[in-house]
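**Q** Below you will find the structure I want to go over with you.
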Amino acid sequence: MAGKKNEIDNLREKIHKTFQVVAKENGYGFDDKLKSFSIYSKRWHSVEFHFRWSKDHYIVKFISYDSEGEWKASQAIVSIWTYTDALEFLAAFKILFDMPAKRKTK
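Residue numbers (my numbering): -4 to 101.
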């Protein structure tokens, strides 16, 4: 049982660190909290996702903001169970980030 817990903790830390490094390398925003984090574009009207650890995987929600700047999360849109899931999500995030929408930097 302890081996499984270690394996799960290692996966959580590896995914977390990967998102942190990718955010830094690409100029994305990265907000780090205990057992959760957000990755986002620093452009107006762009994408932001919140990741929350739940026992053995990350639950990912899309974040949007109201007119007062308060954020609200969608229902879970994807779960990250494996390192491969994390890499595939990052590839999709990059595509969304790069799509032109006359965005400007905040």
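Ideal Cβ placement from N, Cα and C applies to all residues, glycine included.
(1) Among G64, F32, F14 and K50, whose alpha-carbon lies nearest the alpha-carbon of L82?
(2) By the DSSP assignment, the beta strand (DSSP E) with Y53 in it spans what residues?
(3) Would A18 be called buried (16 or more neighbouring beta carbons within 10 Å of its own) or exposed?
(4) Would you call the CB atoms of V42 and Y53 closer than 8 Å?
(5) Excluding the 5 residues flanking K9 on each side, which residues of the same chain have their C-beta closer than 7 Å to its C-beta?
(6) Note the first and the last residue of the continuous beta strand (DSSP E) segment covering K37.
(7) According to DSSP, is E8 part of a helix, a strand, or is it coil?
(8) I need the straight-line Cα distance from V16 to S62, nearest angstrom please.
(9) Do you know how far the Cα of Y23 is from the Cα of F92?
(10) Are A71 and K89 close, meaning C-beta to C-beta below 8 Å?
**A** The structure says:
(1) F14
(2) H52 to Y60
(3) buried
(4) no
(5) Apart from sequence neighbours up to five positions away, the residues of its chain that approach K9 with a beta-carbon distance below 7 Å are Y78, ordered along the chain.
(6) Here K37 belongs to no beta strand (DSSP E), and DSSP marks it neither H nor E.
(7) helix
(8) 31 Å
(9) Straight-line measurement puts the Cα of Y23 at about 9 Å from the Cα of F92.
(10) no
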